[in-house]
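Asks: So the sequence lines, in the order shown, correspond to chains A and B. The first sequence begins at 303 in this note's numbering and counts up one residue at a time. The second sequence begins at 303 in this note's numbering and counts up one residue at a time. Idealized CB from N, CA, C, for every residue including glycine. Computed from a predicted structure; not experimentally measured.
2 protein chains.
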Amino acid sequence: MLAYYDAMADVFKALADPTRRLILDELAERNEQTLFEICGRLTTRHSLSLTRQAISQHLEILEEAGLVRTRREGRYKFHSIDTTPLEPIMSRWLRRTTTKEKGVSE
Amino acid sequence: MLAYYDAMADVFKALADPTRRLILDELAERNEQTLFEICGRLTTRHSLSLTRQAISQHLEILEEAGLVRTRREGRYKFHSIDTTPLEPIMSRWLRRTTTKEKGVSE
DNA sequence: TTGACATGCAAGTAAATGCTTGCCTATTAT
DNA sequence: ATAATAGGCAAGCATTTACTTGCATGTCAA
Numbered sequence: 303m304l305a306y307y308d309a310m311a312d313v314f315k316a317l318a319d320p321t322r323r324l325i326l327d328e329l330a331e332r333n334e335q336t337l338f339e340i341c342g343r344l345t346t347r348h349s350l351s352l353t354r355q356a357i358s359q360h361l362e363i364l365e366e367a368g369l370v371r372t373r374r375e376g377r378y379k380f381h382s383i384d385t386t387p388l389e390p391i392m393s394r395w396l397r398r399t400t401t402k403e404k405g406v407s408e
Numbered sequence: 303m304l305a306y307y308d309a310m311a312d313v314f315k316a317l318a319d320p321t322r323r324l325i326l327d328e329l330a331e332r333n334e335q336t337l338f339e340i341c342g343r344l345t346t347r348h349s350l351s352l353t354r355q356a357i358s359q360h361l362e363i364l365e366e367a368g369l370v371r372t373r374r375e376g377r378y379k380f381h382s383i384d385t386t387p388l389e390p391i392m393s394r395w396l397r398r399t400t401t402k403e404k405g406v407s408e
């Protein structure tokens with residue numbers, strides 16, 4: 303049905319879910335967290351009761367979108383936020399026409 | 303299940319759909335378009351074949367998110383883009399900790 | 001090696017989402 | 001008044017999405 307390609311599709315889809323935005327909030331505050339750490343902090347600090355697998359799936363989506371980077375170390379996997387995919391969002395819809403006509407009427 | 307409130311939820315949901323992002327692209331290029339004009343341009347310029355109602359529903363979602371503003375004039379309703387709800391997106395996840403530790407390893 | 005811990009894989013389910021179809025209202029032109 | 005135009009409302013359907021449950025893999029300590 304869609305005959306075009308949108309490079310930012312994964313990023314927008316990843317940001318669409320409130321739990322994933324919460325995860326990004328957590329990582330923005332402290333990077334290098336494991337899956338269990340993230341689960342714990344979401345539960346205790348945000349009263350969010352989700353299974354480990356649910357969080358794991360969210361992290362996978364965030365990682366595919368490039369918003370989360372991971373580093374493996376033994377049996378641990380550390381997650382960190384990467385905000386670079388967010389940068390093109392703003393510039394995409396910044397006015398290409400004159401600023402003068404920004405107001406809707408007149 | 304979600305015990306918190308996210309003020310930007312509507313904006314992110316609105317941006318999650320590729321057709322709605324295309325509509326914003328169109329309005330960023332030319333404001334003050336009617337529903338029929340938007341339908342026409344999506345069809346001719348983007349090979350997107352959706353019904354008028356589908357586009358109308360997308361515009362409603364965009365308007366509720368504050369990303370589109372409308373002005374009624376007789377039987378016409380003109381749509382324009384409003385990028386102000388996008389601004390908090392960037393600042394939300396900008397590092398609150400030191401910039402030094404942005405790299406994942408070391 | 002055995003058990004505990006951290007994570008991964010996959011099928012199933014309930015709810016949300018995008019889209020269509022059909023009908024209705026309001027404004028303008030003839 | 002009548003018809004055409006621009007838009008609105010709402011039910012129905014198919015796909016997607018988030019989440020759970022159950023089991024499997026890999027790493028580390030005793």
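For residue 407 of chain B, which of helix, strand or coil comes out of DSSP?
Replies: Because residue 407 of chain B carries a pLDDT of 36, less than 50, the predicted location of this residue cannot be relied on, and no value is offered for it.
Asks: How many angstroms separate the CA atom of residue 380 of chain A from the CA atom of residue 357 of chain A?
Replies: Going by the C-alpha atoms only, they are around 14 Å apart.
Asks: Applying the criterion that 16 or more other CB atoms from any shown protein chain within 10 Å of the CB defines a buried residue, is residue 328 of chain B buried or exposed?
Replies: That one is buried.
Asks: Report yes if the CB atom of residue 384 of chain A is closer than 7 Å to the CB atom of residue 371 of chain A, and no otherwise.
Replies: Closer than 7 Å, so yes.
Asks: Opposite residue 382 of chain A in the DSSP bridges: which residues?
Replies: Answer is A:371, bridged to residue 382 of chain A.
Asks: Just grab the DSSP bridge partners of residue 335 of chain A for me.
Replies: According to DSSP, which records beta bridges pairwise, residue 335 of chain A is partnered with A:381.
Asks: Three-state secondary structure (DSSP) at residue 310 of chain B?
Replies: Correct three-state label for residue 310 of chain B: coil.
Asks: Would you give the residue range spanned by the alpha helix (DSSP H) that residue 361 of chain A belongs to?
Replies: Unbroken alpha helix (DSSP H) run through residue 361 of chain A: 354 to 366.
Asks: Could you spell out the range, first to last residue, of the alpha helix (DSSP H) harbouring residue 393 of chain B?
Replies: Where residue 393 of chain B is concerned, the enclosing alpha helix (DSSP H) stretches over 389 to 394.
Asks: How about residue 354 of chain B and residue 341 of chain B: do their beta carbons lie closer than 7 Å?
Replies: Taking 7 Å as the Cβ cut-off, residue 354 of chain B and residue 341 of chain B qualify as a contacting pair.
Asks: Which value, in whole angstroms, describes the spacing of the CA atoms of residue 308 of chain A and residue 390 of chain A?
Replies: C-alpha separation (whole angstroms): 12 Å.
Asks: For the structure I just gave you, are there three or more beta carbon pairs, one from the region 359 to 369 of chain B and one from the region 309 to 319 of chain B, closer than 8 Å?
Replies: Counting Cβ pairs under 8 Å, three or more are found: they touch.
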